[in-house]
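S.K.:
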Amino acid sequence: MIRDITIGQYYPADSVLHRLDPRVKLVGTLTFLISLFLFNNLIGYVIAGIFLATMIKISKVPFSFIVRGLKTIVILMLFTVVFNLFLTDGTVLWQWKFIKITVEGIQTAIFMALRLTFLIIGSSLMTLTTTPNQLTDGLETGLAPLKKLHVPVHEISMMMSIALRFIPILLEETDKIMKAQQARGADFEEGKLMERVKALVPMLVPLFVSAFHRANDLAMAMEARCYRGGVGRTRMKPLKYTKRDGMAYLCLVAYLIVLVAATRLWDVFVA
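Sequential numbering of the sequence shown, starting at 1, is according to the numbering used here.
See below:
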């Protein structure tokens with residue numbers, strides 16, 4: 001389960017999506033995530049699904065590798081589906097005391113599951129095709145106007161990038177600690193839920209100690225290299241827009257136009 005988390009990892013490949021400017025990918029990901037909340041009908045999810053599938057195909061990242069991240073949200077998805085299924089009012093299909101299943105509940109549960117799936121896959125696709133350095137540069141450049149308001153843009157971008165980069169490192173460390181404790185007789189997979197949770201507590205102490213050690217080593221390394229924030233710093237590879245970045249923005253606009261038009265027409269002729 002630990003190894004199935006894909007957010008924060010980078011998958012090296014030679015694809016158009018990998019070569020795009022990180023600002024394009026940040027804007028595209030944010031736009032796609034926001035677009036998932038602009039509709040609540042079947043045609044909207046179909047169009048969003050086709051767009052996401054196209055991006056996965058272009059990225060050359062194996063689909064099996066991307067969907068591994070969905071295993072980590074199974075519990076959250078089950079809770080969401082169950083609550084929407086049994087607590088949504090509407091046309092009753094089945095009822096037992098205060099528990100009921102409605103047509104609207106089934107529809108809402110399916111749509112919420114699809115929305116969560118698209119959110120995780122869309123977010124994972126950005127980090128899988130963008131290196132931490134590119135992500136930092138893209139965030140800093142995109143948030144540059146906030147510098148006029150004295151917002152520490154460079155520091156915020158650096159912290160977000162380091163946090164994403166530490167996700168796979170901490171997951172790998174967690175996997176090592178679990179295997180070491182299992183070799184000493186620890187059991188994380190059997191017993192009741194509370195027993196399994198209690199079994200994880202002894203693992204948290206060495207994990208936090210390791211995380212603090214890594215953070216301290218990183219801070220000392222940055223100080224040893226005279227790191228002083230973003231003031232006056234230059235980049236080895238300055239970000240520059242190319243024709244393919246312009247085409248990517250046009251594709252994003254076309255996706256939004258098709259999505260809005262199709263969902264509006266669906267509401268008019270089907271509802």
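For each residue, glycine too, the CB sits at the ideal point set by N, CA and C.
#1: Should the segment 19-31 be regarded as contacting the segment 118-135, the criterion being three or more beta carbon pairs within less than 8 Å?
#2: Can you name, in chain order, every residue of its own chain whose Cβ lies under 7 Å from the Cβ of THR141, other than the five neighbours on each side?
#3: Going by beta-carbon coordinates alone, are ILE101 and PHE79 separated by less than 8 Å?
#4: Which one of LYS97, LEU256, THR263 and HIS154 has the shortest CA to CA distance from ARG235?
#5: Can you give me the C-alpha to C-alpha distance between PHE32 and LYS25, rounded to a whole angstrom?
#6: Which residue from TRP266, VAL258 and ARG264 puts its Cα closest to that of PHE51?
#7: Considering LYS179, what are the terminal residues of the alpha helix (DSSP H) in which it resides?
#8: Assess contact between the segment 259-267 and the segment 159-172, defined as three or more Cβ pairs (one per stretch) separated by less than 8 Å. Is contact present?
#9: Can you find at least 3 beta carbon pairs, one from the segment 205-216 and one from the segment 243-251, that sit closer than 8 Å?
#10: Less than 8 Å separating the beta-carbons of ILE73 and LEU116?
#11: Three or more beta-carbon pairs under 8 Å between the segment 45-62 and the segment 81-98, yes or no?
#12: Taking 8 Å as the threshold (C-beta atoms), are TYR11 and VAL61 in contact?
#13: Just verifying my parser: in three-state terms, what is the DSSP assignment at LEU143?
#14: Do GLN288 and PRO202 have their C-beta atoms closer together than 8 Å?
#15: What are the start and end residues of each continuous beta strand (DSSP E) run of 3 or more residues lying completely inside the segment 83-112, in chain order?
#16: Have a look at THR242, ILE58, VAL27 and ALA53 and flag the residue whose alpha-carbon is nearest the alpha-carbon of LEU143.
#17: Where does TYR241 sit, in a helix, a strand or coil, going by DSSP?
#18: Return the residue from the list ALA186, LEU204, ILE110 and MET55 that minimises the CA-CA distance to SER123.
#19: Inspect the beta-carbon positions of ALA199 and ALA186 and report whether they are closer than 8 Å.
#20: PHE111 to PHE39, Cα distance in whole Å?
#21: Count the other C-beta atoms from every protein chain shown that fall within 10 angstroms of the C-beta of TYR255, then say buried if there are 16 or more, exposed otherwise.
#22: Here's the rule: buried if 16 or more other CB atoms are within 10 angstroms of the residue's CB, otherwise exposed. What is SER64?
#23: Do you know how far the Cα of SER35 is from the Cα of VAL268?
#24: Below 8 Å on the Cβ atoms is my guess for GLU173 versus LEU204; work out the distance and round it to an integer in Å.
#25: Helix, strand or coil for VAL16, going by three-state DSSP, please let me know.
#26: Pull up the distance between the alpha-carbon of PRO168 and that of ILE177, whole angstroms please.
#27: DSSP three-state label for VAL27, please.
#28: When you compare only the Cα positions, how much space is there between PHE83 and LEU30?
M.R.: Per the coordinate set shown:
#1: yes
#2: ARG23 and LEU239
#3: no
#4: HIS154
#5: 10 Å
#6: VAL258
#7: Counted as a single uninterrupted DSSP element, the alpha helix (DSSP H) harbouring LYS179 occupies residues 153-183.
#8: no
#9: no
#10: Contact: yes.
#11: no
#12: yes
#13: coil
#14: Nothing in the structure corresponds to residue 288, since the chain is present only between 1 and 271.
#15: 92-96 and 99-102
#16: VAL27
#17: coil
#18: MET55
#19: yes
#20: 10 Å
#21: buried
#22: exposed
#23: 19 Å
#24: Rounded, the Cβ-Cβ distance is 12 Å, inconsistent with contact.
#25: helix
#26: 14 Å
#27: Collapsing the DSSP output to three states places VAL27 in a helix.
#28: 27 Å
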